[in-house]
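Sequence lines, in order, name chains P and W. Residue 1 is where the first sequence starts when you use UniProt numbering, and the numbers rise one by one after that. Residue 1 is where the second sequence starts when you use UniProt numbering, and the numbers rise one by one after that. Every residue gets a Cβ at the ideal spot worked out from N, C-alpha and C, and that includes glycine.
There are 2 protein chains.
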Amino acid sequence: MILHGYWRSGTSYRTRIALNLKKLEYRQAPLDLRTGAQKSDAYLRLNPQGLVPALETDDGLVLTQSSAILEWLEETHPEPPLLPSDAAGRAQVRAMAALIGCDIHPLNNLRVLKAVRGLTSDGMGADQTSVDAWAGQWIIDGFTALETLVVRHGDGWCFGGAPTLADCYLIPQLYSARRFHVDLAAFPRLLEIEARAEVHPAFIAALPENQPDAD
Amino acid sequence: MILHGYWRSGTSYRTRIALNLKKLEYRQAPLDLRTGAQKSDAYLRLNPQGLVPALETDDGLVLTQSSAILEWLEETHPEPPLLPSDAAGRAQVRAMAALIGCDIHPLNNLRVLKAVRGLTSDGMGADQTSVDAWAGQWIIDGFTALETLVVRHGDGWCFGGAPTLADCYLIPQLYSARRFHVDLAAFPRLLEIEARAEVHPAFIAALPENQPDAD
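Here it is in structure tokens:
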């Protein structure tokens, strides 16, 4: 398989974690989002949205949107499972993943921060402090709820005692939170999961700084 | 089942469509997002995130996040199917849904628009024209890619010849686009789907103006 992504993109990072947890082989085809490589004609033919990640499968399928890619991986490569075996548990893990994937990450990614920087009425653009505050509010809102959910459902990881899709989403979001200088002291359960991921080979191999395009 | 939602919330709207397509009975428990009803202690106990929708099932489960609710509905009430029978098709439908659910809707909902209004450096807040422009850019970006995907995969609906989860997402996003005065002329295939939904009983029953809390 070929993963089209970017070392520091949260959606690429979560996809790498899932691929690694399932011990799947893949080659990376990096796109530098800072230079707009994802808007080239060649890439737009693969993914008309011009966003990362995209996964080319061995059958020649091109899959887009990390949430859809992760569900496809779970269906086609079920071991180890990244979703619980019962519908209620699956709904809870998917809700945790969506809390991050829909209510935090989309507000903090590169294209949106660029728009936020352009929003000030004096035409000068928001400074880094304003950008950190913008990103931080969504992270803190989401993590506050997620911490409660992990207390209810987690036992070492977000849900139960083994990594699930929710952890694939959480670890990159914690990495992003640190880049925006968010104080994470109020989220001890999330930090426990992060500490566990820091010594887990699948998560280590997925770290942004361990990717071929990292600078 | 009890659906906690709000008549004009896009995520509540998409959940109603799925419930209706599957011909499931549910009672509505509306929360007025404009007065902050979703932040009451009672509701936060149900959903620590304080967002709509939440679905209380007949077994007493509380499900949150519309994407997780829709997957749960599909697993527990499989007829009629809202996902294709093959993994590749399911990945495509989920990618279309996520294109809307992650890359358009989160940038246009009430809590984010409120933050956008507060972002201008003169402290006066962005005016309605700026808010429409903010919302419109994400809708146009996303719909441009979705139109291409529907040309590839659709046959009357987003994917194939029957409604799927992707249509549950699309119709509320078109409704929202009109509220932000987005010119939709460039998206004829999406408008064809909208026309089909306008005469489909499940979609009609889910319309915001047909809900008990509509004003």
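Of the residues P/V199, P/G136, P/R117, the one whose Cα lies closest to the Cα of P/D127 is P/R117.
No Cβ-Cβ contact shorter than 8 Å links W/A18 with W/L83.
When Cβ-Cβ separations below 8 Å define contact, W/D103 makes contact with chain P. Judged by DSSP in its simplified three-state form, P/H4 adopts strand. Rounded to whole angstroms, the gap between the alpha carbons of P/P81 and W/K23 is 31 Å. DSSP places W/R178 in the uninterrupted alpha helix (DSSP H) bounded by 165 to 179. For P/L46, no chain W residue has a Cβ inside 8 Å of its Cβ, as the nearest lies near 12 Å away. For W/Q28, DSSP records a beta bridge to W/L3. For W/V112, the enclosing alpha helix (DSSP H) starts and ends at 110 to 117.
Under the three-pair Cβ rule at 8 Å, the segment 129 to 145 of chain P counts as touching the segment 44 to 58 of chain W. Of the candidates W/L165, W/Y175, W/G5, the residue whose Cα lies closest to the Cα of W/T64 is W/G5. Distances from the CA of P/Q173 to each of P/A162, P/F187, P/G160, P/G161 were compared; the closest alpha carbon is that of P/F187. At least one C-beta of chain W is nearer than 8 Å to the C-beta of P/V112.
Pairing P/Y169 with P/G101 gives a Cβ-Cβ distance under 8 Å. Classified as exposed, W/I204 has fewer than 16 neighbouring CB atoms from the shown chains inside 10 Å of its CB. Rounded to whole angstroms, P/S130 and P/M1 show a C-alpha spacing of 40 Å.
Neighbours of P/R189 across chain W, judged by C-beta separation under 7 Å, do not exist; the nearest C-beta is about 13 Å away. At the C-beta level, P/A202 and P/P208 stay beyond 8 Å of one another.
For W/T164, no chain P residue has a C-beta closer than 8 Å to its own C-beta; the minimum C-beta separation is roughly 13 Å. Only A87, A88 from the segment 78 to 89 of chain P bring a Cβ to less than 7 Å from some Cβ of chain W. Cβ-Cβ distances below 8 Å link P/K39 to G50 in the same chain, with the five nearest sequence neighbours on each side left out; the list follows chain order. In the structure shown, P/V52 adopts coil according to DSSP, grouped into three states. For P/A18, no chain W residue has a Cβ inside 8 Å of its Cβ, as the nearest lies near 13 Å away. Residues of chain P whose Cβ lies closer than 8 Å to the Cβ of W/E56 do not exist; the shortest such Cβ separation is about 12 Å.
Near chain W, meaning a CB-to-CB distance below 7 Å, no residue of the segment 172 to 204 of chain P qualifies. DSSP, read as helix, strand or coil, puts P/L63 in strand. In this structure, W/A68 lies near P/A91, with their beta-carbon atoms less than 8 Å apart. Interface residue (Cβ-Cβ distance to chain W less than 8 Å): P/L207 is not classified as such. W/Q92: member of the alpha helix (DSSP H) spanning 87 to 103, first to last residue.
The beta carbon of W/S9 lies closer than 6 Å to those of V52 in the same chain, with the five residues before and after it left out. Taking P/L46 as the centre and dropping the five residues before and after it, the same chain places the C-beta of A54, V62 closer than 6 Å to its C-beta, in chain order.
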